[in-house]
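Residue numbering for the sequence shown follows the numbering used here, beginning at 404 and increasing consecutively.
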Amino acid sequence: MKILQTFKAWVQRTDAPPDNDHELRITTPVAAPSDEAAAALVKALTQAVTASGAGCFDEFELIGADSLLCLYFLGPSAEALLTAVTPVLRAERWTPGAEIYQVYGNPMDPAAKEVIRTLTFDAGTGSVTEA
């Protein structure tokens, strides 16, 4: 998938995240309809997180034969990260059912609390519910 080249072109690694950063991980329920759609989603999510001051884009993975996107964001508050990304995810027709993992505390710490939620849509408006 050419999407890897697109992301690598504008995502630059910095130093390791602070130990107290939280993580928000989003896994799409289906593959992106196109490379352009995937790149647009990542760009929109990154802009929303950055503009809100909630954190930053960290990395991505393509999962399985279906090439599901798994996107990682870091910031001081998992709640603020969720608040920033939810409107962007609501605007996309292919993201309902996305799994959202909020890690409270350093994601490398086994004691960090992880909450898994599913993005659902009711009567045309998106909501995030705990799984």
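A virtual CB, placed ideally from N, CA and C, is assigned to each residue, including glycine.
Exercise. Which residues does DSSP pair with A516 in a beta bridge?
Worked result: Here residue 516 turns out to be Lys, not Ala, going by the sequence shown. According to DSSP, which records beta bridges pairwise, K516 is partnered with Y507.
Problem set entry | Contact the segment 496 to 513 vs the segment 471 to 484: 3+ CB pairs below 8 Å | Judged by pairs of C-beta atoms under 8 Å, the segment 496 to 513 touches the segment 471 to 484, as three or more such pairs exist.
Exercise. Can you name, in chain order, every residue of its own chain whose Cβ lies under 6 Å from the Cβ of D469, other than the five neighbours on each side?
Worked result: A434
Exercise. How long is the line joining the alpha carbons of E517 and Y475, rounded to whole angstroms?
Worked result: 14 Å
Exercise. Is Y507 near the ligand PLP, in the sense that its beta carbon is under 7 Å from a heavy atom of that ligand?
Worked result: The ligand PLP is absent from the structure shown, which contains no ligand whatsoever.
Exercise. Which residues in the same chain have their Cβ closer than 7 Å to the Cβ of A447, if we skip the five residues on either side of it in sequence?
Worked result: V491
For this session: Using the Cα positions of D438 and R496, report the straight-line distance between them to the nearest angstrom.
Result: One C-alpha to the other measures close to 15 Å.
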